[in-house]
Each structure stands twice: as structure tokens, then as C-alpha cells.
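Numbering (the numbering used here), first residue to last: 5 to 303.
Don't be surprised by glycine CBs; every beta carbon is placed ideally from N, CA and C.
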């Protein structure tokens, strides 16, 4: 996947205002890990989303509202330890999920059982006329093997952003060959998958896309040509998933959002490495590189 391909696979325009660029809902942010939801939210806005809502544990909601005044904030029920209480939170989230264009679940969740209860509850939320894309990251990914037989309501609108370890959990075996394993994940979960620079979607989805999708439409597997080892830093994955969510909310397809988002995330790392050094830049610094990179690729 090269800049030339992405230039041929153009992002939607900016429209006349924020309502034309879609709405992102980020669900996560336990008491111990609120920063993950913050990073994802900033990345969603930096990638052009028009509106953002952070749904986080009630004990950190005010703090995040102050840290990111551009976002709306929802308080979610939490356990005594500050974990988002999955079954109770799902009921609170039904209307916000229905109103969003892209829903990112996982950044800052910190308990697998509660994450599973949350996903199970959200799977029961009725799909509206334009059901949102569902992006899963972090602890939300660990729940998928248990829910594999229940994912029907999200079929065809699921984007997964595992790291290599999480990919192995989803597969049930070590992910040692990403060019083979990422497509396997895409088929297994009927999802677009981005894992360490390799992106795949189900072959059937690629066939349906046809010529209408632009430069990358007929492919089912891509690999980025950018990226730096410094991206392996705390919070980097939250920036990636937030970037993909923001692009998807703007009206891209799932595959286009994953390809563009993965490239932008990696290219941002390259730029920071060239200025600051191979190691030591922070995940939050990646977000500031996203707008100029999009401008260059869209010119």
C-alpha cells in the first residue's frame, strides 16, 4: 500500500460543517486507564471526524471533559475498582450507539469479563437505518472468541485492530505469518482487520466492492510501506484505532478507513522519528501529524 494507491482512493470531502463529517463514540476509559480513551478521541478528531463522544467510567468523566473540551462525555456505571460495569453500561449506551457513525469499543477497558458483558449487551442494541461501524480494540478484542457465535448483528461492519499477541488470541494459535494470519482473522470474524501494518478484509467483501470504491477496491490484502519501531509505545494502538474510527465516521468504507488509518499512523511515526529520534516520542504526539499527512495525500 503506497501513497499513490491512497491518492487514488480519496477520502470524503470536508462538507460544510461538522455534521457532514460524522460522529464517533469511544467506549472505554476505566478509572486506571482513562488516557487510552482520550488518545483515541483526539485521534478521531485529528483525522477529521465532526463530533466526538467519550463514554467512560463515571469517576473519570469530568476529568476527561476538562482534558478534551471538544468532546461530549457520558458517565458509565463502574465497579468498586473503577472498571466499566459492562451489563449496566450497555443499557446506558443504546441511544448513543444508534446515533453514532462509528463506535470504537475497548480503549481503556481493563477487565475481560466486564468487556464481554458490555459487548454482549451492545450486540442486542437494534440496528437503525444506518447502523454504525464497530471498531474493536484492546480488551474488547479478547472477548471475541467467546462471542464468535453471537456476532451476526455486527457482520459486515466490524473493524478489528489487534496487536500480534491479541491476533494470536483471536486465532487460537500464535500469529507468526501476518500475510497468512490477518486474512484468516478477517474471514473468521467477517471483519476488516489491521494488525502491525497488514490489513485484510473478507474476500467476498472485496468482490462486492467492485470498481466503485476507487484505487484499492478490488484488493483483499494490503501491507503498508511505512512505519518505525518507535510506534511500539504505550498508547500507540489507541491512536491507531481512533484514527480509523474518525475516518470511518467521515463516510469511508471499512477497508478504506483501515488502510488510510494504518498508513497515517505509521507515517506519523516516521516523521516523529526523523525529528526526535527513533525512540522516545509519545503516542499523543502522533495525533498532531495526522492533519498535514492527510493534506499531502489529498493534494
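query: What separation, rounded to the nearest whole angstrom, lies between the Cα atoms of residue 40 and residue 76?
result: 16 Å
message: With a threshold of 7 Å on Cβ separation, who are the neighbours of residue 49 within its own chain once the five nearest residues in sequence on each side are excluded?
response: 56, 74, 250
message: For residue 291, tell me which candidate among 203, 122, 45, 123 has the shortest Cα-Cα distance.
response: 45
query: Cα separation between residue 155 and residue 224?
result: 21 Å
query: Of all the alpha helix (DSSP H) runs that stay within the bounds of the stretch 229 to 296, which reach a length of 4 or more residues?
result: 240 to 253, 258 to 280, 287 to 291
query: Quick one: what's got a C-beta closer than 7 Å to residue 114's C-beta in the same chain, skipping five residues either side?
result: 34, 36, 37, 87, 143
task: Tell me residue 27's beta-bridge partners as DSSP assigns them.
output: 55
Pair within 8 Å by beta-carbon distance, residue 203 and residue 256: no
message: According to DSSP, residue 3 sits in a beta bridge with which residue or residues?
response: Only positions 5 to 303 of the chain appear in the structure, and residue 3 is not among them; the question remains open.
- prompt: Looking at C-beta atoms only, is the number of pairs between the stretch 269 to 288 and the stretch 16 to 26 that lie closer than 8 Å three or more?
  reply: no
- prompt: With burial defined as no fewer than 16 other Cβ atoms inside 10 Å of the residue's Cβ, what is the status of residue 177: buried or exposed?
  reply: exposed
- request: Measure the beta-carbon distance from residue 136 to residue 179 and round it to whole angstroms, keeping in mind my assumption that it falls under 8 Å.
  value: Wrong, their Cβ atoms sit about 28 Å apart, outside the cutoff.
- request: Whole angstroms is fine: what's the gap from residue 112's alpha carbon to residue 279's?
  value: 29 Å
query: By how many angstroms is the C-alpha of residue 149 removed from the C-alpha of residue 120?
result: 10 Å
- prompt: Who are the Cβ neighbours of residue 183 in its own chain at under 8 Å, not counting the five residues just before and after it?
  reply: 202, 225, 227
- prompt: How many Å lie between residue 207 and residue 80 at the Cα?
  reply: 38 Å
- request: Could you name each continuous alpha helix (DSSP H) segment of 4 residues or more that falls completely within the stretch 143 to 168, going from the start of the chain to the end?
  value: 143 to 146, 148 to 151
message: For residue 294, tell me which candidate among 260, 253, 258, 246 has the shortest Cα-Cα distance.
response: 246
query: What's the C-alpha gap between residue 89 and residue 82?
result: 5 Å
Inter-residue Cα distance where the pair is residue 162 and residue 253: 13 Å
- request: Express the C-alpha separation of residue 91 and residue 125 in angstroms, rounding to a whole number.
  value: 6 Å
message: Please return the same chain residues whose Cβ sits closer than 6 Å to the Cβ of residue 106, not counting the five positions on each side in sequence.
response: 28, 136, 137, 249, 252, 253
Check whether residue 169 and residue 244 have beta carbons under 8 Å apart: no
message: Closest to residue 108 by C-alpha separation, out of 118, 96, 276, 123, would be which residue?
response: 123
- prompt: Nearest to residue 100 by alpha carbon, out of 68, 65, 58, 70?
  reply: 58
query: When DSSP labels each residue in this structure, what does residue 74 get in the three-state scheme?
result: coil
- prompt: Apart from the five residues just before and just after residue 43, which ones in its own chain have a Cβ nearer than 8 Å to its Cβ?
  reply: 111, 239, 242, 243, 246, 287, 288, 291
field: Residue range of the beta strand (DSSP E) that includes residue 91
entry: Premise fails: residue 91 lies in the alpha helix (DSSP H), 90 to 103, not in any beta strand (DSSP E).
Proximal residues to residue 22 (C-beta, below 7 Å), its chain only, five neighbours per side dropped: 54, 55
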